[in-house]
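Mapping the sequence shown onto the UniProt record's numbering, position 117 (from 1) lands on 117, and the numbers just tick up by one.
C-beta: ideal position from N, C-alpha, C; glycine also.
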Amino acid sequence: MSAVPLRSNKAAASAVRSVTVLGATGSIGDSTMDLLRASRDRYRVEALTGHTNVQGLAKLAKEFGARFAAVADPARFTELKEALAGTRIECGAGESAVIEAAARPAEWVMAAVSGAAGLKPALAAVDRGATVALANKECLVCAGDFFMERAAKAGACILPADSEHNALFQALGSGNREELIRVIITASGGPFRTWASADIEQATLAQALKHPNWSMGQKITIDSASMMNKGLEVIEAAYLFALKPDEIDVLVHPQSIIHGMVEFSDRSVVAQLGAPDMRTPIAHCLGWPDRITGPAARLDLAKIGQLTFEAPDFQRFPGLRLAYDALRTGRGATTVFNAANEVAVAAFIAGQIRFGAIARLVEATVEDWIRSGNLAPLTSADDAIAVDHNARKKAATLLPQIALKAS
Ligand code: NAD
Ligand code: MG
């Protein structure tokens, strides 16, 4: 049975829903807190987590009367304790405290940590059978071999919060698995959609951070510019909905109004549309199985006038091709793909490599790993984390030669 409730008759959620937000101080966290703020009487905050921004975390914990606050950086425990002095909010620091936050009994958990660091906390929520709104796509990319299976076993319900996957989630209910031909994930194309390869190669950090439509955290914004984000999303869709690589297409759609589509056997294509605002998919997850009032701008198609589409360019955006390759290879390849990309993005931010070298580092790391012959299905978080750590180490050792190599 799938952990994504495509055709659910689940009873409506309880009147006051307890919620936990992992990554509350980030961009998705901020949108989630915004939605909770608008319906204070419907939600009670169990736990909130952040990484280094203690003051922001403490402010949110006090505002929402959270029962527990956790900061991932262990060195910041005293600062958090002081910031929460005089309140009844319990607190903790370090990875174990973030996992504890996820394990506490909230009915609904937003998994919005950035990167593979979110895997263990997300699994802690999954293992106790919670409803988990999953924004943290790296969890699936890193641990896709077993994440959904474990969720299904625990009776957890995974609600896709990533906008494209949320769109697919909404559209997939129009038919059944046997009737499905393919899903289509749209991509804005990012800031370099029309750029020549040579210019993409030399793009600066400031240019990569200028996303045309979405306002997001730094890592995902850079991933959008390289289209690695779309690659991660192809892998995310494969694991979320148990799809084969050939059943997932990417379509460039610069206006970001259609987020995802599903084609069925009768040739019907069912799409979900909305203004590019993450509060819409998050509101869908927060209200599910009902719908709540969303704060995003209402869609005015007459004003927008035109929706346009292009095929993705796998030459100029090799990250997309590498993602499909990793998905086809399976058995840990997507874990390596994700880890190498995290290392590459950090190196690009630090000015150590050119933008164009991000994909080259990912390709070299995955190739090295395939050559090493260590391919085997991952069965536990420790397996996935070991592959992730080794891939990061390998990527770091390959970094200097990739940095020197011109395209
Ligand atoms: P962000 O960088 O703005 O926020 C990340 C959050 O995770 C912060 O609260 C940060 O404190 C926390 N965090 C970072 N490193 C951590 C660590 N090592 N341990 C514990 N906590 C840590 O990122 P974001 O844009 O909100 O993205 C969060 C996730 O959602 C990512 O996986 C991203 O791909 C996904 N996502 C984001 C968007 C978006 O619009 N921002 C859309 C779709 C999916
Ligand atoms: Mg997305």
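Three-state class that DSSP yields for residue i in the structure shown
i	result
residue 306	coil
residue 240	helix
residue 183	strand
residue 49	strand
residue 252	strand
residue 353	coil
residue 258	strand
residue 229	helix
residue 195	coil
residue 188	coil
residue 9	Any reading at residue 9 needs caution, since the residue's pLDDT is 46, under 50, leaving its predicted position unreliable; the model's value is listed next. Here residue 9 sits in coil by DSSP.
residue 207	helix
residue 119	helix
residue 393	helix
residue 442	Any question about residue 442 goes unanswered here, given that the chain covers just 1 to 407.
residue 4	coil
residue 84	coil
residue 146	coil
residue 314	coil
residue 33	helix
residue 338	helix
residue 377	coil
residue 220	helix
Buried or exposed (CB count within 10 angstroms, at least 16 for buried), residue i
i	result
residue 229	buried
residue 55	exposed
residue 377	exposed
residue 392	buried
residue 253	buried
residue 382	exposed
residue 310	exposed
residue 351	exposed
residue 385	buried
residue 299	exposed
residue 293	exposed
residue 304	exposed
residue 186	buried
residue 398	buried
residue 131	buried
residue 284	buried
residue 140	buried
residue 16	exposed
Bridge-paired residues (DSSP) for residue i
i	result
residue 19	45 and 108
residue 269	263
residue 91	69
residue 134	111 and 160
residue 200	In the DSSP output, where bridge partners are listed per residue, residue 200 has none listed.
Residue i at chain B interface by Cβ criterion, 8 Å
i	result
residue 251	Reference to chain B is not applicable here, since this structure consists of a single protein chain.
The ligand NAD heavy atom lying under 7 Å from the CB of residue i
i	result
residue 219	yes
residue 32	no
residue 137	yes
residue 23	yes
residue 53	yes
residue 278	yes
residue 323	no
residue 114	yes
residue 49	yes
residue 98	yes
residue 72	yes
residue 370	no
residue 27	yes
residue 339	no
residue 216	yes
residue 125	no
residue 117	yes
Among all residues, which have a Cβ less than 6 Å from at least one non-hydrogen atom of the ligand MG, and in what chain order do they fall? 162, 163, 164 and 233
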